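Peer 1: Numbered by my numbering, the letters in the sequence shown go through residues 162 to 380 in order.
Even for Gly, the Cβ is constructed at its ideal location relative to N, Cα and C.
On a predicted model such as this, the values are computed, not experimentally measured, just so you know.
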Amino acid sequence: TRRVWSEKFGVRIFEGYGATETSPVLAVNTPIHNLPGSVGQLLPGIDYRLEEVPGVDDGGRLYVKGPNVMLGYLLDDHPGKLVPPRCEAGEGWYDTGDIVAIDERGFVHIRGRAKRFAKVAGEMVSLTSVEEIVGQLWKDALHAVVALPDKQKGEQLVLVTEYQDAERSELLAFSRSKGVGEINVPRKIIPVSKLPVMGTGKTDYPAVQKLAEEALEKS
Numbered sequence: 162t163r164r165v166w167s168e169k170f171g172v173r174i175f176e177g178y179g180a181t182e183t184s185p186v187l188a189v190n191t192p193i194h195n196l197p198g199s200v201g202q203l204l205p206g207i208d209y210r211l212e213e214v215p216g217v218d219d220g221g222r223l224y225v226k227g228p229n230v231m232l233g234y235l236l237d238d239h240p241g242k243l244v245p246p247r248c249e250a251g252e253g254w255y256d257t258g259d260i261v262a263i264d265e266r267g268f269v270h271i272r273g274r275a276k277r278f279a280k281v282a283g284e285m286v287s288l289t290s291v292e293e294i295v296g297q298l299w300k301d302a303l304h305a306v307v308a309l310p311d312k313q314k315g316e317q318l319v320l321v322t323e324y325q326d327a328e329r330s331e332l333l334a335f336s337r338s339k340g341v342g343e344i345n346v347p348r349k350i351i352p353v354s355k356l357p358v359m360g361t362g363k364t365d366y367p368a369v370q371k372l373a374e375e376a377l378e379k380s
């Protein structure tokens, strides 16, 4: 994307990663210092910690601290007071909620949101990564993967998709051809006419979760 915009339109793209609570940038890919597949290097003055996540070998939960991290929230039930963000890392730290890896050059690679991981048979599975595999196979449809409780394996993956002819056997074969194990292949597939989305166009995961739960209860 960076190269195409530069060659076609003469535009230099700066890519930033962060959150509103971090004013709002933590890391930047610049035209000079960038790495495809990353969100750039952390800005000067930012300290970070990667908290180990059981089952995740490549990366950890990102906590940050720095002059751009906000002091707190103004809440209705605490008028006139700043309420610091809750963070297990301690006072002054902010929990991004992201699972990331940081390479030897300091480039940040996002693995996914902490809440977008499922624990299947003791292994952590990125739901976002599963969605990417599904999207590579059935490119002209929208898909969402959620995790539901499973008595034997802790959690199970469920695919909700607009692709009406979706078959697990086809997805399993495709995943294996990409070097992806069966643990990353949804056990159940639920075709729908339209995937729930929010006003922003993003997937409405709570609605997808409820839809999947109701569908499995009926099956």
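Helix or strand or just coil, what does DSSP make of residue 290?
Peer 2: In this structure, residue 290 counts as helix in the three-state DSSP scheme.
Peer 1: By DSSP, does residue 249 sit in helix, in strand, or in coil?
Peer 2: If DSSP states are grouped into helix, strand and coil, residue 249 belongs with coil.
Peer 1: Taking just the CA atoms, how far does residue 308 sit from residue 277?
Peer 2: If I take the Cα positions, the gap works out to 9 Å.
Peer 1: Unbroken beta strand (DSSP E) runs of length 3 or more, entirely within the segment 300–336: which are they?
Peer 2: Those beta strand (DSSP E) runs which fall completely within the segment 300–336 and span 3+ residues are 304–311 and 315–322.
Peer 1: Where residue 256 and residue 208 are concerned, what is the direct C-alpha to C-alpha distance, given to the nearest angstrom?
Peer 2: Cα to Cα, residue 256 sits roughly 12 Å from residue 208.
Peer 1: In this structure, how does DSSP classify residue 176 when only helix, strand and coil are distinguished?
Peer 2: Note: residue 176 maps to strand in three-state DSSP.
Peer 1: Need the endpoints of the beta strand (DSSP E) that residue 279 sits in, please.
Peer 2: Looking at the DSSP string, the run of the beta strand (DSSP E) that includes residue 279 is 278–281.
Peer 1: Where residue 358 and residue 369 are concerned, what is the direct C-alpha to C-alpha distance, given to the nearest angstrom?
Peer 2: Whole-angstrom Cα-Cα distance: 9 Å.
Peer 1: In this structure, does DSSP put residue 272 in helix, strand or coil?
Peer 2: It is a strand residue.
Peer 1: Under 8 Å by Cβ, that's how I've got residue 211 and residue 221 pegged, so tell me the actual separation to the nearest angstrom.
Peer 2: Right, the Cβ-Cβ distance comes to about 3 Å (below 8 Å), so this counts as a contact.
Peer 1: For residue 192, which residues in the same chain have their Cβ closer than 8 Å to its Cβ, ignoring the five residues on either side in sequence?
Peer 2: Hits under 8 Å: 163, 167, 173, 174 and 175.
Peer 1: When the distance is taken between beta carbons, is residue 333 closer than 9 Å to residue 295?
Peer 2: Not in contact: residue 295 and residue 333 (Cβ atoms no closer than 9 Å).
Peer 1: By how many angstroms is the C-alpha of residue 196 removed from the C-alpha of residue 190?
Peer 2: Using only the alpha carbons, I get a separation of about 7 Å.
Peer 1: Quick one: give me the first and last residue of the beta strand (DSSP E) that residue 226 is part of.
Peer 2: Residues 221–226.
Peer 1: Quick one: is residue 224 buried, meaning 16 or more other Cβ sit within 10 Å of its Cβ, or exposed?
Peer 2: Classification of residue 224: buried, given that the 10 Å Cβ count is 16 or more.
Peer 1: Here's the rule I'm using: 16 or more other beta-carbon atoms within 10 Å means buried, otherwise exposed. How should residue 259 be labelled?
Peer 2: Classification of residue 259: buried, given that the 10 Å Cβ count is 16 or more.
Peer 1: Closest by CA to residue 305, which one among 265, 374 and 322?
Peer 2: Nearest of 265, 374 and 322 to residue 305, Cα basis: 322.
Peer 1: Please look up how many angstroms separate the CB atoms of residue 284 and residue 216, rounded, as I've assumed it's under 8 Å.
Peer 2: Confirmed, Cβ separation roughly 5 Å.
Peer 1: Please report the Cβ distance between residue 346 and residue 338, rounded to the nearest whole angstrom; I am assuming they are in contact, meaning their Cβ atoms lie under 8 Å.
Peer 2: Contact doesn't hold; Cβ gap of about 12 Å is too wide.
Peer 1: Do you know whose CA, among 203, 331 and 361, lies nearest residue 265's CA?
Peer 2: Taking only the C-alpha atoms, the option nearest residue 265 is 203.
Peer 1: Taking the beta strand (DSSP E) that residue 210 falls in, what are its first and last residues?
Peer 2: Residue 210 -> beta strand (DSSP E) spans 208–212.
Peer 1: Could you please give the first and the last residue of the uninterrupted alpha helix (DSSP H) stretch that includes residue 169?
Peer 2: Counting along the chain, the alpha helix (DSSP H) containing residue 169 begins and ends at 163–170.
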